[in-house]
Every structure is written in structure tokens, then in C-alpha cells.
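To keep things clear, I will list the structure first and then write my remarks on it.
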Amino acid sequence: MELNKRQETILQIVKDNGPITGEQIADRLNLTRATLRPDLAILTMAGYLDARPRVGYFYTGKTGTQLLTENLKKIYVKDYQSIPVVVNENVSVYDAIVTMFLEDVGTLFVVDANSYLVGVLSRKDLLRASIGKQELSTLPVNIIMTRMPNITTCEKDDPLIGVAKDLIHKQIDSVPVVRKTDNGDLEVTGRITKTNVTKAFVALADEY
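So in the UniProt record's numbering, spot 72 of the sequence shown is number 72, and the numbers just go up one at a time.
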């Protein structure tokens, strides 16, 4: 977040004199309390200042990098997840290729007859099958998919930064967002892709 000159001045006043009331800050700047209120609100919401009733404002001591890191940890999967693209485990590899092309995605999530997650299909999986001599229209995807438990998943309340690390470290394009049933099965409720993560980081960068 880029501060304007007045906000930087307010920050320095609070650093040097805190805790200090809004009225006292306004007096030092020869401004009214109403004029100062938006700047104090911005500095407080951004985390540079904290305020306590009947005490005043004080400097939190946090740098811009520290505040950015804290805000990254407050972004959750549910804030940026998108709609998943799923196929049944018995569909053919050919149909899966068509679905991936039409939906313009890099990963398909494979579910069983009860709509529970059983596998994942990547572009590499489908490309590998296409290069072989198998008949793609009769080859079911459950033959070539990556199966549980070798699937990375996440839940809607997980921090997005953790999923981003998984995408990088495991070199995958997408992670299914799941909900665990009482029986331990996984229902696919969304997906997180590299694009979702990029959108989140761009939004945070715009804010700062």
C-alpha cells in the first residue's frame, strides 16, 4: 500500500508520540478531526496503526512486508475458488479429451457413481494415452487417471497461500476443493488453479 504525504506524516506523529488521540493529531496538523478521519481509517485498516477507546492511536511497528505477509495468510480458498469440471470414472478417454477442450481447463476431476472424488486427469495423462495405440473411445479414464490417495486436495477454509505452495512444489495445475462426508468420502465443491492464485495476488497487490 502506497501512503500519501499526509498519511506518512500522521504515521510519524504516532510513532513519536503514541498513544495519541485523533484530536491531538489533528491539532498538530492544523486540521479538523473530520478531515483527518479517512486517513486514520486507512492507516488502521491497513494495519499500520491500532486504536484503543479512550487511549488513542499507536504504531503497530509492522513493516509493509510484514503486513503483506499477514494479509496473504488471511486469503482463503473459498474467496477465489472456481467451478470444478468433473467426469465420471467410466467415460472414455476420448470423451474426456473433448470435455477438457470444450471447458478450456487443464485438469478434470474424476468421480464415481455417487459423485465422490476418485481420481484426477491432467493434460499429460490424456496426452500420454493419446500417443499410445489404445482405442481412446473405448478406454475408460479410470485406467489412466491419478488415483487416491495420490491426489492433492484442499478445503474451502484452507489458506490460499498453502495451496499455492502445493501447486508449485508438486508441479500441478489445479487442486480440487473438497468437502469430507461423514463416511470419509470427498465431494468436489470447487477447484483452485494457478489462475485463481494469480487473481488473488494481483488483487492484493492492487490493494497495497
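Heads up, the beta-carbon is just placed ideally off N, CA and C, and yes, glycines get one too.
Alpha-carbon to alpha-carbon, residue j and residue i
{"i": "L102", "j": "V177", "result": "22 Å"}
{"i": "H169", "j": "L126", "result": "22 Å"}
{"i": "V93", "j": "S137", "result": "6 Å"}
{"i": "K124", "j": "D157", "result": "29 Å"}
{"i": "S82", "j": "E155", "result": "13 Å"}
{"i": "D16", "j": "Q24", "result": "13 Å"}
{"i": "I20", "j": "P38", "result": "17 Å"}
{"i": "N114", "j": "D173", "result": "25 Å"}
{"i": "M100", "j": "V85", "result": "8 Å"}
{"i": "V175", "j": "R191", "result": "6 Å"}
{"i": "Y48", "j": "Y57", "result": "10 Å"}
{"i": "N142", "j": "P149", "result": "14 Å"}
{"i": "S122", "j": "T146", "result": "8 Å"}
{"i": "V120", "j": "T107", "result": "7 Å"}
{"i": "T60", "j": "I161", "result": "24 Å"}
{"i": "K180", "j": "N196", "result": "22 Å"}
{"i": "A46", "j": "P53", "result": "19 Å"}
{"i": "L167", "j": "D50", "result": "35 Å"}
{"i": "A96", "j": "G184", "result": "27 Å"}
{"i": "L36", "j": "D27", "result": "10 Å"}
{"i": "V55", "j": "L29", "result": "20 Å"}
{"i": "V98", "j": "V91", "result": "11 Å"}
{"i": "I131", "j": "D182", "result": "41 Å"}
{"i": "V87", "j": "K5", "result": "55 Å"}
{"i": "I144", "j": "Q171", "result": "19 Å"}
{"i": "D112", "j": "K133", "result": "26 Å"}
For residue i, the first and last residue of its enclosing alpha helix (DSSP H)
{"i": "G47", "result": "G47 -> no alpha helix (DSSP H), and no H or E assigned at all."}
{"i": "V85", "result": "Premise fails: V85 is in no alpha helix (DSSP H) and is neither H nor E."}
{"i": "V93", "result": "V93 to E103"}
{"i": "K78", "result": "V77 to Y80"}
8 Å contact criterion, which residue i and residue j should meet: CB distance rounded
{"i": "L3", "j": "L204", "result": "With 8 Å as the limit, L3 and L204 do not qualify as a contact, their Cβ atoms being about 17 Å apart."}
{"i": "T153", "j": "L186", "result": "7 Å"}
{"i": "L80", "j": "K165", "result": "Reading off the sequence shown, one finds Tyr at residue 80, where the question assumed Leu. Contact doesn't hold; Cβ gap of about 15 Å is too wide."}
{"i": "L40", "j": "I10", "result": "7 Å"}
Residue i, enclosing beta strand (DSSP E) - first and last residue
{"i": "I59", "result": "The amino acid occupying residue 59 in the given sequence is Tyr; Ile does not appear at that position. It spans G56 to Y59 - the beta strand (DSSP E) in which Y59 sits, taken as one unbroken run."}
{"i": "V110", "result": "T107 to V111"}
{"i": "S115", "result": "Taken as a continuous stretch (DSSP letters only), S115 belongs to no beta strand (DSSP E), as it is neither H nor E."}
Below-9 Å beta-carbon distance, residue i vs any chain B residue
{"i": "A46", "result": "Absent from the structure: chain B. Only one protein chain is present."}
CB contact flag (residue i, residue j, <9 Å)
{"i": "A129", "j": "L139", "result": "yes"}
{"i": "V77", "j": "V202", "result": "no"}
{"i": "V105", "j": "T189", "result": "no"}
{"i": "V110", "j": "E89", "result": "yes"}
{"i": "Q7", "j": "L31", "result": "no"}
{"i": "K62", "j": "P159", "result": "no"}
{"i": "G22", "j": "R33", "result": "yes"}
Would you list, in sequence order, the uninterrupted alpha helix (DSSP H) runs of no fewer than 4 residues that lie entirely inside the stretch 3 to 36?
Runs of the alpha helix (DSSP H) inside the stretch 3 to 36: 5 to 17 and 22 to 29.
Complete runs of the alpha helix (DSSP H) confined to the stretch 127 to 197 [at least 4 residues]:
With a minimum length of 4 residues, the continuous alpha helix (DSSP H) runs that stay inside the stretch 127 to 197 are 160 to 169.
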